[in-house]
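Under our numbering, the very last position in the sequence shown is 375; numbers go up by exactly one each time. A short worksheet on the structure shown next.
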Amino acid sequence: MFEIIFDPYSYPFWVLVISVIAGAVLIISRPFSTYLKFVYPNAKFEAMGNPFVSENELSRMLDSKSLSGFKELLNTSKDYNINGENTYDVQQSLDDAFIQTVEMMQKDSSKKMKDFYGVYLEKIDIHLIKNELKNRLEGEKSDETVINQAVLVNTKKLLQKIMETEKEDLPEILKSYGFGEEVTHVLSDKNVDFLTIDNVMDTYIINRFKRVKVPYKCEQAKQKFVKNMIDICNIKNILRAKQLDYAKESYEKLFLGAGQEIASWKFKEMADVDEISQVISSLEGTSYYGVLKDAIERYNKEGSVQVLENALDGLFLKLVADISTQNYVSIGPTIRFIVSKEFEIRNLKIIAKGIGENLPSEMIKSYLTWGAS
C-alpha cells in the first residue's frame, strides 16, 4: 500500500502532495488573512489620529470664555458637530459623538470584530443598569427619560423591564437578558449592598471582554488590554476605599479578578495596609509604581485621589499605545483608537462642565488625562 502512495506515477501520491501543499499554504496564509482584515480600518484610524484632539488643542479650548466659544472652536478645528445650549446638552452631544465613532469603527472593520464593538457599547450602558437596579432595590425608579440615554436597544428594553418589575423578580429579569448566576444570585440576597452590585456588574462587563471573539492572532493583544484594564480598576478601587476609609470587610467586594500584574494576593496586600502611601509602596516592582510614586507629592498637597487616578489613566493610555505598537498589523491600532477616543470625549466633557460652571482653567486642567501621543 505504501508503495502505491509514494509512487510518483500514482494518483494517490499526487493527492497526498497536493493535500500537504494546500495544508501548508493554509497554515502560512491564515495570519496574513487576519492582517488584511485590518489594513483599511487601521489606516483610517491612524490617519484620523491618536489622539484626535492634541494636548495643545485641548489647552486652547480651556481658555474658551463660554460654552458657545468652546463648541465653535471644537467644531471648526476638528470634525465634530457638537450642539446644545447648556452643559448637560453639550456633554450628551459629546457622548453621542463617541457612540457614532464606535459605530463607524464597527462598520469599517471586519465582521469578526462586530462583537468586540458590541461589548464596548454595552460597557457604556452598564452604569445605567447599575443605577436603575439600585433605585429599584430602594423602592424607587428613575424617570423614563433614562431609557433614552441607553445606546443599545437591548439595554432600553431591560431598563423598561427593571422599572416595571418588583424587587423580588429582578433576578429572573436579568437572567432572561443573559446575565449569569453571579449577578442574579447577588440580587436574590435580602441584604444586597451597592458595593456588591457595582462589583458584579463591572465583573460581568470584564468577563464579556474576556470571552468576546476576535480575529485569529488577536486574542493575546485583547487579553493584555483587558488585564491592564482590570489592574487599573483594582488599584483605583483600593485608592478610593482608603480615601473614604472603608471598613476592612468591604475590600473583598472591590476585587474584580486577577489582571496583568495584580493577583488576588497583591490586592489583599494593598487592602491590608492603612495609608495610601503604603498602597503605592506595595506596588513597587509593577508597571504602576512609577507614575503613582511621581504623583504622590501632588496627592499629599491636594489630598485627593483624583491626582493618582489621573496618573493611572495616563499610564493606561501608554500601555494601550504599547499594545498598538506590538500588534501594529492587527488589532493594536483599533484598540488604541477606541480607548484614545473614549478618553478624549471624557476630557472634552470635563472642559465643557468646567467652562459652564466658570471654573478656573487650571482647576479644569487638573482633572484632564494626558496620555501618550
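Note that CB positions come from ideal geometry on N, CA and C, so glycine has one too. Here the structure is a predicted model, which means the values were calculated and not measured.
In this structure, how does DSSP classify residue i when only helix, strand and coil are distinguished?
| i | result |
| --- | --- |
| Gly259 | coil |
| Cys235 | helix |
| Ile267 | Checking the sequence, you will find Trp at residue 267 rather than Ile. Helix at Trp267. |
| Glu168 | coil |
| Leu310 | helix |
| Pro362 | coil |
| Glu286 | coil |
| Leu38 | helix |
| Asp145 | coil |
| Ser411 | No information on residue 411 is available, as it lies outside the stretch 3 to 375 that the chain covers here. |
| Asp191 | coil |
| Ala24 | Summary for Ala24: the model assigns pLDDT 49, below 50, so the residue's position carries little reliability; its value from the coordinates is reported in the next sentence. In this structure, Ala24 counts as helix in the three-state DSSP scheme. |
| Thr371 | coil |
| Asn133 | helix |
| Ile208 | helix |
| Glu221 | helix |
| Ala99 | helix |
| Val281 | helix |
| Glu87 | coil |
| Asp276 | coil |
| Ser70 | helix |
| Lys226 | helix |
| Tyr253 | helix |
| Phe345 | helix |
| Asn44 | helix |
| Lys355 | helix |
| Gly120 | helix |
| Gly182 | coil |
| Leu176 | helix |
| Asp65 | coil |
| Asp81 | coil |
| Ala49 | helix |
| Gly316 | helix |
| Lys159 | helix |
I think residue i touches residue j, with their Cβ atoms under 8 Å apart; what is that distance to the nearest whole Å?
| i | j | result |
| --- | --- | --- |
| Phe72 | Ser66 | 4 Å |
| Phe387 | Ser332 | It is not possible to answer for residue 387, since the shown part of the chain is limited to 3 through 375. |
| Leu130 | Val155 | Actually they do not touch by this definition, with Cβ atoms about 13 Å apart. |
| Asn85 | Ala223 | Contact doesn't hold; Cβ gap of about 37 Å is too wide. |
| Ile357 | Ser68 | 7 Å |
| Ile1 | Lys244 | Given that the chain is displayed from residue 3 to residue 375, the structure contains no residue 1 and the question cannot be resolved. |
| Val194 | Leu139 | 6 Å |
| Met107 | Tyr119 | 6 Å |
Can residue i and residue j be called in contact, C-beta distance under 7 Å?
| i | j | result |
| --- | --- | --- |
| Phe211 | Val228 | yes |
| Ile264 | Ile282 | no |
| Leu76 | Val104 | no |
| Leu189 | Lys255 | no |
| Lys132 | Met203 | yes |
| Ala152 | Asp127 | yes |
| Lys367 | Leu64 | yes |
| Ser95 | Pro43 | no |
| Asp233 | Gly259 | no |
| Lys215 | Asp117 | yes |
| Lys114 | Pro217 | yes |
| Gln207 | Lys125 | Here residue 207 is Ile; the residue named in the question, Gln, does not match the sequence. Going by C-beta atoms, Ile207 is nearer than 7 Å to Lys125. |
Could you name the residues of the same chain whose beta carbon sits closer than 7 Å to that of residue i, not counting the 5 residues immediately before and after it, in chain order?
| i | result |
| --- | --- |
| Val322 | Phe227, Ile337, Arg338 and Val341 |
| Arg242 | Val307 |
| Glu48 | Pro335 |
| Asp390 | Given that the chain is displayed from residue 3 to residue 375, the structure contains no residue 390 and the question cannot be resolved. |
| Glu87 | none |
Here's a check: name, in chain order, each residue in its chain whose Cβ is nearer than 8 Å to the Cβ of residue i, leaving out the five neighbours to either side.
| i | result |
| --- | --- |
| Ile175 | Leu160, Lys163, Ile164 and Thr167 |
| Leu319 | Val341, Ser342, Phe345, Thr371, Gly373 and Ala374 |
| Arg300 | Val309 |
| His187 | Pro173 |
| Val121 | Ile207, Arg210, Phe211 and Val214 |
| Arg348 | Thr371 |
| Met365 | Gly356 |
| Lys46 | Asp110 |
Within its chain, find whatever has a CB closer than 6 Å to the CB of residue i; leave out the 5 residues flanking it on each side and keep chain order.
| i | result |
| --- | --- |
| Ala273 | Tyr253 |
| Lys143 | Asn137 and Met165 |
| Thr157 | Asp127 |
| Ile101 | Val153 |
| Asn230 | Gln262 and Leu321 |
| Thr288 | Glu263 |
So that I know if they touch, is there some Cβ in chain D lying closer than 7 Å to that of residue i?
| i | result |
| --- | --- |
| Met231 | The chain labelled as chain D is not found in the depicted structure, where only one protein chain is given. |
Residue i: beta carbon under 6 Å from a heavy atom of the ligand MG?
| i | result |
| --- | --- |
| Gln93 | Looking at this structure, you won't find the ligand MG or any other ligand, since it has none at all. |
Is the region 305 to 316 close to the region 230 to 241, with three or more CB pairs under 8 Å? yes
Between the region 341 to 358 and the region 288 to 305, do three or more beta carbon pairs fall short of 8 Å? They do not touch, by the three-pair rule.
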